[in-house]
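Residue numbers (my numbering): 22 to 433. Positions of the beta carbon are idealized from the N, C-alpha and C atoms, including for glycine. What you are looking at is a predicted structure, and each value in this text was computed from that prediction instead of being measured. Encoded as structure tokens, the structure appears first; notes follow it.
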Ligand SMILES: [Zn+2]
């Protein structure tokens, strides 16, 4: 594969189209089925990119973008330059630490790299070309959108401060964050409102038509049909796709509201656990979000993020409003599998099977996998070299202990 990759990388310039790499795939449909998918991609295919193209250019300015989670990303506005056939005029500088480490300044001549769909980034400064009067770039301490204080969060796991600086105004009080949150809400994997693109969201924001996600369901269509670029057909298409989005599954909805650290996969786990939006609101009101710690895959980071989210009255109100407008259906669970209402936990290495495959096998059969030994656990499945403590705890609680073979027999 490596030899083929090398040869193809050299030959690619003779092609009539742009390629940025190769994809290797498992050439057995049977094995592909067993490997399955992660939230974003198949486990049976992997990309191998070609090395990137690069060019030198000068930084005209550095601006700070504010993302959906409040992250401040510095972007270099560079003199337009052709890199591998594409004209590049913006390059990311990643974060504050990166600017300090490379001492990147306005006016500097820098090497910019571009590979495929990835955003071009600055890799080094040509110090020989630096002007004598050039000054260090000072990263702002306040959010350029709302003026709030910014912080670098402390990561308990790595015991270090984050490299990313964030606006502390998490929520809809910061204009840039609010716009990004609404763009996320309508995106394909979330509410999937395809008549309402990112540009339209920005436009509607400027016209004061939207401030919160729920405003999407209360648009003034008469006003919109009088706007430039809108006709009867496009307005009725917009209305149609907004109406269509009102019917949504719980997991998609939980992903759409954009709680930090709750991606597609985690939203699914939460939805499977709470089963309905009502139950979630009850848990929030009773201060019982800690029970999510039982879910395999949900940890303290996610719980804390959920707590922070719901502590904000405005967020709580958005959920209430949206759940009265939308028809949020419970997660479709396979309810006729052999393992229905049974919980499992693994310890030790399984033979001929990955943990991910074992987990999806249980879920396909309506069972669920948990992450700790407690009274709610029905079966502990033991592989090679199990954790002693878990086995002993299970014995104490009278939980059934199965070997991998015994477990597979349950399925047959
Ligand atoms: Zn802000």
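Is it true that the CB of residue 186 sits closer than 8 Å to the CB of residue 117?
-> yes
Take residue 264 as the anchor and find which of 284, 294, 207 has the nearest alpha-carbon.
-> Of 284, 294, 207, the residue nearest in Cα terms is 207.
With a CB to CB cut of under 6 Å and the five nearest residues on each side skipped, what residues in its chain are close to residue 405?
-> 369, 370
Leaving aside the five residues before and after residue 232 along the sequence, list all residues of the same chain whose C-beta is less than 8 Å from its C-beta, in chain order.
-> 193, 199, 226
With a cut-off of 8 Å, do at least 3 Cβ pairs link the region 207-217 to the region 265-279?
-> Yes, the region 207-217 touches the region 265-279.
Could you tell me whether the Cβ atoms of residue 166 and residue 216 are closer together than 8 Å?
-> no
Residue 179 (DSSP reduced to helix, strand or coil) = coil
Go ahead and pull the three-state DSSP assignment for residue 73.
-> coil
Under the three-state reduction of DSSP, which class applies to residue 78: helix, strand or coil?
-> Collapsing the DSSP output to three states places residue 78 in a strand.
Reference residue 398, options 135, 417, 407, closest by Cα | Minimum Cα distance to residue 398 is reached at 417.
Could you check if residue 81 is buried or exposed, using at least 16 other CB atoms within 10 Å of its CB as the buried criterion?
-> exposed
Identify whether residue 110 lies in helix, strand or coil by the three-state DSSP scheme.
-> strand
Residue 402 Cβ short of 7 Å to ligand 1 heavy atom set = no
Taking 7 Å as the cut-off, is the CB of residue 111 close to at least one heavy atom of ligand 1?
-> no
Taking the C-alpha atoms as reference points, what is the distance between residue 95 and residue 84?
-> In a straight line, the C-alpha of residue 95 is about 6 Å away from that of residue 84.
Terminal residues of the alpha helix (DSSP H) in which residue 410 lies | Residues 409-417.
State the beta-bridge partners of residue 217 as determined by DSSP.
-> Bridge partners of residue 217: none, in fact.
If we call anything under 8 Å between Cβ atoms a contact, is residue 184 one with residue 143?
-> no
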